[in-house]
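If you want the numbering used here, it's the position in the sequence shown, counting the first as 1, plus 178.
Built from N, CA and C at the ideal position, the CB exists for glycine as well.
Here the structure comes first, spelled out in structure tokens, and everything after it is commentary.
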Amino acid sequence: MSKHILIVDDSKTVRNLVAFIMKNEGFKVTAAEDGLDGLEKLYSCGAVDLIITDINMPHMDGFTFIENVRKQDAYRDLPIVVLSTEGQEQDIKMGMSLGANLYMVKPAQPEKMVRNVRMLLG
179 MSKHILIVDD SKTVRNLVAF IMKNEGFKVT AAEDGLDGLE KLYSCGAVDL
229 IITDINMPHM DGFTFIENVR KQDAYRDLPI VVLSTEGQEQ DIKMGMSLGA
279 NLYMVKPAQP EKMVRNVRML LG
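Right, dumping it as structure tokens:
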């Protein structure tokens with residue numbers, strides 16, 4: 179059974195690229211356009227094994243999305259990877275303090291992203 183990854187990013191290009199990379203590695207992928215859509219997909223698409231999320235998104239940003247996910251017992255241990263253009267120290271600290279397991283700055287090398295995802299899925 180392949181692991182299921184939820185990709186949350188308002189950029190269709192980034193969503194498609196990350197989905198393509200992950201599907202090529204044998205993962206099942208669900209994509210969402212922003213934090214609100216991400217929460218809806220998380221609740222409706224069955225078991226998700228890992229989330230890759232952007233920070234800057236309309237409707238609900240990545241920080242708020244992570245906060246909402248972490249508030250719920252069912253998702254407290256779900257690995258979350260932030261993939262964002264926001265590489266400032268305070269952004270990284272904020273993401274990690276809200277419960278992200280890993281913070282990667284775009285553009286991320288596909289091999290490194292896959293390696294990190296595999297490591298988190300253990």
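Hey, how far is the Cα of residue i from the Cα of residue j?
| i | j | result |
| --- | --- | --- |
| L217 | E245 | 11 Å |
| R193 | M200 | 11 Å |
| T191 | A197 | 10 Å |
| E267 | S189 | 23 Å |
| L276 | N202 | 30 Å |
| M274 | G240 | 12 Å |
| F205 | V226 | 11 Å |
When the distance is taken between beta carbons, is residue j closer than 8 Å to residue i?
| i | j | result |
| --- | --- | --- |
| L299 | N279 | no |
| L184 | K219 | yes |
| V186 | F243 | yes |
Give the C-beta separation of residue i and residue j to the nearest angstrom, bearing in mind that I take them to be a contact with Cβ-Cβ under 8 Å.
| i | j | result |
| --- | --- | --- |
| M238 | D212 | 6 Å |
| M291 | M282 | 7 Å |
Q.
Is it the case that the stretch 227 to 236 contacts the stretch 255 to 262, given that we only count it when at least three CB pairs across the two stretches are under 8 Å?
A. yes
Q: Quick one: which unbroken alpha helix (DSSP H) runs of 4-plus residues sit fully inside the stretch 200 to 229? Chain order, please.
A: 213 to 222
Q) Considering only residues of the stretch 227 to 251, which uninterrupted alpha helix (DSSP H) runs meet the minimum length of 4 residues and lie entirely inside it, listed in chain order? A) 240 to 248
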